[in-house]
Amino acid sequence: MATSPYDVAVVGAGPAGLAAAAAALAGGARVALIDAGRQPGGQYWRHRPGDLGAVADLHHDLRTFRALVAGAAGAVTFPGHHVWTMSGSAADGFVVRSVAGDDPRGTAELAARSLVLAPGAYDRQVPFRSWDLPGVYTAGGAQALLKGNEVLVGRRVVVGGTGPFLLPVAAGLAARGARVVGVYEANGPAGWARHAGAVARVAAKLTEGAGYAAALARHRVPFHARQAVVAAHGDDVVEAVTVAKLDHEWRVVPGSERVVECDAVAVGWGFTPQLELPLALGVGTRVDADGSLVVEVDEHQRTTVPGVYVAGEACGVGGAALAVAEGEIAGTAAATATTGAGPAAVPARLRRRRRALRRFAAAMHAVHPVRDGWQTWLGDDTLVCRCEEVTAGEVRAAVEDLGATDPRTAKLLSRAGMGWCQGRVCGYATACLTASACGSAVSALDLQGVSERPIAAPISLGRLAGDAGHTGQQ
Ligand SMILES: Cc1cc2nc3c(=O)[nH]c(=O)nc-3n(C[C@H](O)[C@H](O)[C@H](O)COP(=O)(O)OP(=O)(O)OC[C@H]3O[C@@H](n4cnc5c(N)ncnc54)[C@H](O)[C@@H]3O)c2cc1C
């Protein structure tokens, strides 16, 4: 049975969730804070297990982190708990069900009057030849190993993809002794010049960027604009990659390919919001400037479902500072709503901060788009879905030979996205390949089709059978 209701249940203890919990507590609410991780901090403030003081040199703004942890200290916490489903409504209350990752029998079921969902995002991936070789990592994966375990993914590392996130990844690896043989940014940093106004309003981002540039210069890491890692090579592990110059549409400039030796590759193409939980509750969504499906929120971070608030990357990828601002707004609004008072006006300070950071995020998406030309790097035999071993040729054939007109049907016909990761790795690529083969653009409906997962975390059949009655799932 569910416990007596909390006023606010916050899912996710990253920058957004911590800020939401602290703000809701400050507003007098009884708060539950649930996170799949054993420690607070999420992706941005990821620490070595049991040591929140470690790897300080790899972190930014730890003062904010400590203040948020202290502010959230009055919440009842559920560390290591994966929320696998939630149900309910503002009128009847919500029920949040979780399993403890390190103890499959450990479960929690808690009731809450309102929800703040702050589940963050995961690495967006696009496939390339032999990207399934051991030694090929996502940029976020390489960063997580470094911050969370002080493990280097390799000694001689190539960093590639697009977006400012490549810089801390390369700087962190170099700081810990890896030889970063190059950062290959598929877009050009010159694009930022057109967004000087947006950058000037968030001085901390400028300082952070300058710090990374200085670190790369100090470690003699070459930065290559308009170039990408388009193939990996090796027998059992990655031994080299092909890098190439790209034209404006990201097609390879003929004759520009060259092979670079390495023992690891970290590739990142931005992030994909983690939407299982908000979608399970039926919230409205929209397609953001980076082509991601995100949750639609109003100025109080309210979703279209009463009583459900969303903050952080799930309502638009924009970095930790934006996540904190949104979390504070969501937590305050959720707390005041449960006391019966409508949400008070968002303080001008927070409104201004959120607006400035959202403008910066929009600039980042405009300067670092993912262009369709990556699809021309693939052979028909390039794996797209690694779990089910489905190739690019098979996804295209699902459209061209079998008549699929959307990624969900392409998935049913080819099995792309039906494996262990349930499309978290290949969903974006499958949606893009399907749309291209249909001669259309990726739509919100396409993205929704590859983002919905009614069960958000693995659970045992016994547990599922036990809870099916409550959730109405079959
Ligand atoms: C792997 C990775 C590494 C990153 N590293 C950096 C970095 O070094 N520097 C940087 O500027 N940006 C980094 N980012 C971007 C970063 O995600 C954001 O800028 C920032 O952390 C967003 O904050 P958030 O609170 O929205 O989400 P997150 O920080 O992602 O926090 C979300 C939290 O929700 C929890 N959660 C999600 N689903 C569930 C569930 N079903 N049940 C229970 N808990 C759940 C997660 O465990 C996580 O702690 C990284 C992103 C990724 C994916």
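In this text, residue positions in the sequence shown follow the working numbering: the first is -12, and each later residue adds one.
Yeah, the Cβ is synthetic: ideal placement off N, Cα and C, and Gly gets one too.
Tell me which same chain residues have a C-beta within less than 8 Å of the C-beta of residue i, skipping the five on either side of it?
i, result
"Asp359", "Glu236, Trp237, Cys419, Ser423"
"Leu448", "none"
"Ala180", "none"
"Ala206", "Before going further, note that residue 206 is His rather than Ala in the sequence given. These residues qualify, in order along the chain: Ala158, Ala161, Ala162, Val167."
Quick one: measure Cβ to Cβ for residue i and residue j, integer angstroms, because I've assumed they're closer than 8 Å.
i, j, result
"Gln409", "Arg383", "That belief does not hold up - the Cβ atoms of Gln409 and Arg383 are roughly 22 Å apart, past 8 Å."
"Gln214", "Val230", "5 Å"
"Ala312", "Arg341", "5 Å"
"Gly406", "Glu375", "4 Å"
"Ala353", "Ala276", "7 Å"
"Val170", "Val146", "5 Å"
"Arg345", "Gly305", "6 Å"
"Leu434", "Val(-2)", "Contact doesn't hold; Cβ gap of about 21 Å is too wide."
"Asp393", "Gly327", "The Cβ separation is near 44 Å, so there is no contact."
So, for residue i: in the same chain, excluding its five sequence neighbours on each side, which residues have a beta-carbon less than 7 Å away from its beta-carbon?
i, result
"Gly459", "Confidence is the limiting factor: at Gly459 the pLDDT is only 46, short of 50, which leaves the residue's position unreliable, though a coordinate-based value still follows. None."
"Leu268", "Met73, Val292, Val295"
"Ala251", "Gly122, Tyr124, Val140, Gly141, Val144, Val225"
"Gly453", "none"
"Leu193", "Val186"
Below 9 Å between beta carbons: does that hold for residue i and residue j?
i, j, result
"Ala308", "Glu300", "no"
"Ala19", "Ala(-4)", "yes"
"Glu137", "Arg163", "yes"
"Ala317", "Ala105", "yes"
"Ala62", "Ala95", "no"
"Leu365", "Phe210", "no"
"Arg100", "Ala77", "yes"
"Gly40", "His34", "yes"
"Arg188", "Ala343", "yes"
"Trp71", "Pro445", "yes"
"Ala0", "Pro36", "no"
"Leu45", "Phe65", "no"
"Thr417", "Ala403", "yes"
"Ala322", "Ala16", "yes"
"Leu153", "Ala200", "no"
"Leu5", "Val56", "yes"
"Ala131", "Gln30", "yes"
"Gly438", "Leu233", "As written in the sequence, residue 438 is Ser, which differs from the Gly given in the question. For Ser438 and Leu233, no; Cβs fall outside 9 Å."
"Gly67", "Gly88", "yes"
"Glu387", "Ser401", "no"
"Val228", "Val208", "no"
"Pro(-8)", "Gly80", "yes"
Out of the options, state which residue places its alpha-carbon closest to the alpha-carbon of residue i.
i, options, result
"Pro176", "Pro151, Ile446, Tyr124", "Pro151"
"Gly122", "Leu451, Val254, Lys134", "Val254"
"Ala13", "Leu389, Arg338, Ala320", "Ala320"
"Ala126", "Gln288, Leu160, Ala201, Phe210", "Leu160"
"Ser279", "Ala158, Val113, Gly303, Ala298", "Gly303"
"Arg245", "Thr259, Gly271, Ala218", "Ala218"
"Val371", "Lys398, Ala131, Cys249, Val216", "Lys398"
"Gly257", "Val70, Arg111, Phe52", "Arg111"
"Val432", "Tyr31, Ala201, Ala324, Thr396", "For the sequence presented, residue 432 should be read as Leu rather than Val. When only C-alpha atoms are compared, the closest one is Thr396."
"Ala391", "Asp367, Val357, Cys413, Gly426", "Gly426"
"Val103", "Leu389, Ala416, Glu381, Glu315", "Glu315"
"Arg411", "Lys134, Val83, Pro260, Leu203", "Pro260"
"Asp464", "Cys249, Gly80, Trp118", "In the structure as shown, the chain starts at -12 and stops at 461, and residue 464 therefore has no counterpart that could be examined."
"Val281", "Trp32, Glu381, Arg289, Thr272", "Thr272"
"Pro241", "Gln435, Lys134, Thr363, Val208", "Thr363"
"Glu172", "Val357, Arg450, Ser430, Ala379", "Val357"
"Gly534", "Val270, Ala158, Gly305, Pro2", "Summary: the structure shown does not reach residue 534, with the chain confined to residues -12 through 461, and so no result is reported for it."
"Ala10", "Gly178, Trp32, Trp361, Ala54", "Ala54"
"Leu262", "Ala212, Glu283, Trp32, Leu203", "Glu283"
"Leu451", "Tyr(-7), Arg50, Arg84, Ile21", "Arg84"
"Arg339", "Gly327, Glu286, Pro330, Ala324", "Glu286"
"Ala202", "Trp32, Ala157, Thr326, Ala212", "Ala157"
"Trp361", "His69, Val216, Arg336, Phe52", "Val216"
Leaving out five residues before and five after residue i in sequence, what residues of the same chain have Cβ atoms less than 6 Å from its Cβ?
i, result
"Gln461", "Here Gln461 scores only 40 on pLDDT, less than 50, and its place in the model should not be relied on; the value that follows carries that caveat. Cβ neighbours of Gln461 beyond the five flanking positions: none."
"His182", "Ala350"
"His355", "Thr149, Gly150, Asn174"
"Met(-12)", "Caution is warranted here: a pLDDT of 41 is assigned to Met(-12), below 50, making its placement in the model unreliable, and the coordinate value is therefore given only provisionally. Taken in chain order, the list of residues that qualify is empty."
"Arg373", "Asp119"
"Asp(-6)", "Ala16, Arg17, Arg100, Thr325"
"Gly178", "Val354"
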